[in-house]
Every structure is written in structure tokens, then in C-alpha cells.
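> Just dropping this structure here.
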Amino acid sequence: MRKVLALTFCCLALPALCLPQASKLAPEVRTFVKEDASAIALTHVRVIDGTGAAPHADQTLVIRDGKIAALGDAASTKIPEGAKTLDLSGRSIIPGLVGMHEHLYYPAPGGPPALYPEHAASFPRLYLAGGVTTIRTAGSIEPYTDLELKRSIDDGKMIGPKIHATGPYLEGPGAFTIDMHQLKDAEDARRTVEFWIAQGVTSFKAYMNITPEELGAATKAAHAHGIKVTGHLCSIGFREAAALGIDDLEHGLVVDTEFLASKKPGLCPNPTEADKALLTLEVASGPIHEMIRDLVAHHVAVTSTLPVFETFVPNRAPLDSRVLDAMLPEARISYLRRRSLISDGAAKSDWTALFKKELEFEREFVRQGGTLLAGLDPTGYGGVIAGFGDQREVELLVEAGFTPLESIHIATSNGAEFLGELDKIGTLAPGKQADLVVIDGDPSANIRDIEKVEIVFKDGVGYDSAKLIESVRGFVGLR
Ligand SMILES: [Zn+2]
Numbered sequence: 002m003r004k005v006l007a008l009t010f011c012c013l014a015l016p017a018l019c020l021p022q023a024s025k026l027a028p029e030v031r032t033f034v035k036e037d038a039s040a041i042a043l044t045h046v047r048v049i050d051g052t053g054a055a056p057h058a059d060q061t062l063v064i065r066d067g068k069i070a071a072l073g074d075a076a077s078t079k080i081p082e083g084a085k086t087l088d089l090s091g092r093s094i095i096p097g098l099v100g101m102h103e104h105l106y107y108p109a110p111g112g113p114p115a116l117y118p119e120h121a122a123s124f125p126r127l128y129l130a131g132g133v134t135t136i137r138t139a140g141s142i143e144p145y146t147d148l149e150l151k152r153s154i155d156d157g158k159m160i161g162p163k164i165h166a167t168g169p170y171l172e173g174p175g176a177f178t179i180d181m182h183q184l185k186d187a188e189d190a191r192r193t194v195e196f197w198i199a200q201g202v203t204s205f206k207a208y209m210n211i212t213p214e215e216l217g218a219a220t221k222a223a224h225a226h227g228i229k230v231t232g233h234l235c236s237i238g239f240r241e242a243a244a245l246g247i248d249d250l251e252h253g254l255v256v257d258t259e260f261l262a263s264k265k266p267g268l269c270p271n272p273t274e275a276d277k278a279l280l281t282l283e284v285a286s287g288p289i290h291e292m293i294r295d296l297v298a299h300h301v302a303v304t305s306t307l308p309v310f311e312t313f314v315p316n317r318a319p320l321d322s323r324v325l326d327a328m329l330p331e332a333r334i335s336y337l338r339r340r341s342l343i344s345d346g347a348a349k350s351d352w353t354a355l356f357k358k359e360l361e362f363e364r365e366f367v368r369q370g371g372t373l374l375a376g377l378d379p380t381g382y383g384g385v386i387a388g389f390g391d392q393r394e395v396e397l398l399v400e401a402g403f404t405p406l407e408s409i410h411i412a413t414s415n416g417a418e419f420l421g422e423l424d425k426i427g428t429l430a431p432g433k434q435a436d437l438v439v440i441d442g443d444p445s446a447n448i449r450d451i452e453k454v455e456i457v458f459k460d461g462v463g464y465d466s467a468k469l470i471e472s473v474r475g476f477v478g479l480r
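To convert a position in the sequence shown, counted from 1, into the numbering used here, add 1.
Here is the structure:
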């Protein structure tokens, strides 16, 4: 009876707060909602808070009106009257992942020409299902679609993560896909940046053939609006990009061409030759180490994208049935065929050594004080898929030598901080948005448990991970 009275009082006082959170959501979104009470207590749960601190066992986390209202020992944390209580014994919660090299497209099977169809149907659901509650797209093929998708999700009409939309790729002449506009000059770069900021994008990505003049002009225009620029560069080395004001570098060491002696200024050299050049160098000393120190001095972040690189290493990427099931049959065949060709060419491949070097680089970059961000990059020849790939990234950070807690910190808090959102997301603390992932297991002890996602809370609404995945089975490669 007291419960009923308390609830009644609350509703009389503040009617809006008593509505289930999901009442603002469209019916097709509500289908995937598992928990939507305005007050929810997650009890007896292991809390990995994203700060890198040791996990706390037997905790209670109270969600109220979309936010974390309380967090502490189960024995002493008060559960509000009328709250729905979930006993999460044996389970862990982590902050929602903040994916920093995400895309809303996926490589189409077949070709040439290389095409990257938008995956506005499957990817938003798969990101959320995988525990990714915030994404930054690191380059867009259909920026208008990405922006409309973001608005639809924010308005509760579609399901997906919070989106920080990046503008169209800032690419120079020589793009490898007709999906990209090629800038004409520095003025075109400035105009493009100004135009897309007005449309609502909040970051930019420079691409492989951009000229130094174009990158300089784009960065200046973006910074004037407080907007950051990242890059997957080739024509420009990392140190040159840092001097031009770039904020973040995608992928890491493997794409830095500055160590090739024959590289011409402003031009993308043969990537295989550039890779061979960096394989002759040490990470912890010499030119690579100088590059690391230069990035740290300029406060340039690096985004790790190990899952896409892993697919190029012969016989390395796991054949995850969740990933294969998500694909259109033609996409699955195309991926497996290319994967086996890579295995056949193992004797001649540099990728085993390159991947090892990349892991060493990322560890050393952080050791020297650099900010490492985490993403999956669902490109390459396929097989790297929204959500699943983000979990794989965290596992691969552990292979690089980070502890599971450090890896989770990189994939949550670091991204939130880079986006300027750490006051709202990225760690679990009272007052923050209730963006968190319920995991059946203990990823602090076994990082593979990060794949055992049960419920993903975004702004306090709990979504059914398995149901989301099932709803788009076979879509990847198509839509
Ligand atoms: Zn990418």
C-alpha cells in the first residue's frame, strides 16, 4: 500500500516523471524495449565504472528518469519506493561503449566499382545491441542520411545509438571509390566544411589524397566553429598533420607514410612500400618514437581500429557465427572467399608483422601519455560489423597489452572525453545519463565476456540485445 501511495504522490506532483521512459518512443522502437520503468534498481551487480578503477562487487545502481540517480553498495544504497528491481547477481555493468571509428555503411559484395551502401536499417540496431550507445562516424558516404537517422533516433522514431555525425570525406584527387567527392582546392575544402557544419555535422575526416593546403583550410574552418578534424591520411605524414592542426589520427602507425624515404610531399606513396619502410623501424626508439612524442605534444589523439586490420592478417580473425549470421548470403560468400585468398597468400603477407607492430605502437602511444580512442571501422573487405566489431576492438586492446579495465576505459571514457561529453556519458556515476550495458559474466576477468550483452540501457531505457540482432539477421551487405 505504501508503494502505491508513493507512486500516486509522485504522479500528482510531477506527472511527466512517472510515465515510462519508453512512452515517447514510436511503436516499432518500443518492440525492442525490455525495461522502461521511470525508476529501476539494478541490484547485486558487479560495476565496472569505466574510469579504469577496479570493479566493485555487489552494487546497486538506481536509474531514475533516464539518469543514474544512485550507485553504491547493495547493502547501503536505498532503492526508491516503487522502483522496478532487477537482481543482476553474476552479471556486470559497464558504461555504454563510445565508438569512435564507426560508419553507417558497409562494403557491398562484388564489384568493381567499390561501393559502400548505407546500412541505416541494420547498423544502428547492431551498434546498440552490441553495447555501443554513442558513435562518432569517422567519415560519411551519405551525410544527409546519417543526419536524418540521427534526428529520427533522437526523436524516438528509430532505434540506435546517439550519433555524432561526421561530414562527407575530405578527399583530394585519386579517390578509390566514386562514393567520395574529390576536393578541387583549399577553397573547396573550406566551403565544404562550412556547408556541412550548417547542416548539422559535428566533425570531419580528411582522407588519403587530401593536399596539405586543403587539410590546413579545412582544419582552420572547422576549428573556427569548435569542431574537430580527424584523418585517415596517406598523402600527409602524422607529424605534418599534427603541425597542420589535426585533432585525431585514425588507424595508427600502419597508415603513417612518413617513414618512406622516397615519399613525395603531398602525395600518397605506394602503401606496401610505406609499410615495408616502417617494418624496419623500432617502436620504442628512433623516428616512430619521435612521431609518438610529437603527437602527444600536440594533443593529437589516435583511434585504434584493430578489427579491420585483423581481417588482413592471414588466419587471424575469428569466424564468429554471430557475424556470419548477420550477413546477406552473398556478403558472407564474398567475405569468406577473400579471407581464404588472404590465408593462401600467408607466406608473402606483411600483415602478421604489421599487426604486431600496430599493437606495440598503441601500447607505447598510451605509455607516452597519448589519448587512444577505440573503433571498429566496418570497411576493408567486410566481416567487421557494427556492435560485434566494437566488442572485438576491446578484446584486441587486451591483446595489445592493456588490462581489461584499461581497455574498457579506452572504449568508453576516452571517447566521451574527446567528444566533450564526459560530464554526461563515458563512466558510471550519479548524475550521468543511464547509458550502460548489462553483461552476463565478468569482462574484467575475461574480456571475451564483453560479447555476452543482455540489456543495453540508453537514457534509462533498456533494450533487448538479442531481439535487436535477430530483427536484422541477414541484412548486412544489403541495407
Ligand atoms: Zn573508416
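Glycine included, C-beta positions come from ideal geometry on N, C-alpha and C.
1) Taking 7 Å as the cut-off, is the CB of Ala302 close to at least one heavy atom of ligand 1?
2) Could you tell me whether the Cβ atoms of Asp249 and Lys221 are closer together than 8 Å?
3) By DSSP, does Pro330 sit in helix, in strand, or in coil?
4) Does any heavy atom of ligand 2 sit closer than 7 Å to the C-beta of Gly168?
5) Quick check: the Cα distance between Arg191 and Ala218, rounded to an integer number of angstroms?
6) Would you kindly work out how many angstroms separate the C-alpha atoms of Val5 and Ser77, rounded to a whole number?
7) By a C-beta neighbour count over all protein chains shown, 10 Å radius and 16 as the cutoff for buried, is Ile95 buried or exposed?
8) Can you name the start and end residues of the alpha helix (DSSP H) that Tyr128 belongs to?
9) How would you call His165, buried or exposed, if buried means at least 16 neighbouring beta carbons within 10 angstroms?
10) Taking Val314 as the reference, give the member of Gly346, Ala285, Arg323 with the closest Cα.
11) Could you say which of Lys35, Gly381, Val297, Pro144 lies nearest to Ala199 if we only look at CA atoms?
12) Are there any heavy atoms of ligand 1 lying less than 7 Å away from the beta-carbon of Ala446, as far as the coordinates show?
13) Among Val399, Leu26, Leu171, whose alpha-carbon lies nearest the alpha-carbon of Asp156?
14) When the Cα of Ala75 is compared with those of Glu103, Lys85, Leu43, Ala54, which residue comes out closest?
15) Contact between the segment 164–179 and the segment 201–215 is defined here as three or more beta-carbon pairs at a separation below 8 Å; is this criterion met?
16) Identify whether Met488 lies in helix, strand or coil by the three-state DSSP scheme.
17) Look up Tyr107 in the DSSP assignment and say whether it is helix, strand or coil.
18) Which whole runs of the beta strand (DSSP E) in the segment 233–290 are 3 residues long or more, in chain order?
19) Nearest to Val367 by alpha carbon, out of Ala327, Gly161, Gly253?
20) Going by DSSP, what residue range makes up the beta strand (DSSP E) through Gly73?
21) Closest to Asp333 by CA distance: which of Tyr382, Glu291, His290, Phe356 is it?
22) Any contact of the segment 293–305 with the segment 449–459, i.e. 3+ C-beta pairs under 8 Å?
Put simply:
1) no
2) no
3) The three-state reading of DSSP puts Pro330 in helix, counting H, G and I together.
4) Although ligand 2 was asked about, the structure shown includes only ligand 1 as ligands.
5) Distance between the alpha carbons of Arg191 and Ala218: 6 Å.
6) Residue placement at Val5 is poorly supported in this model, since its pLDDT is 40, which falls under 50; the coordinates are not used for a value here.
7) buried
8) Run containing Tyr128: 124–130, per the alpha helix (DSSP H) assignment.
9) buried
10) Gly346
11) Pro144
12) no
13) Measuring C-alpha to C-alpha distances from Asp156 to each of Val399, Leu26, Leu171 identifies Leu26 as the nearest.
14) Leu43
15) yes
16) Given a span of 2 to 480 for the chain in the structure shown, any question on residue 488 remains unanswerable.
17) coil
18) 249–251
19) It is Gly253 whose Cα lies nearest to the Cα of Val367.
20) 68–74
21) Reading off the sequence shown, one finds Arg at residue 333, where the question assumed Asp. When each option's Cα is compared against that of Arg333, the closest is Tyr382.
22) no
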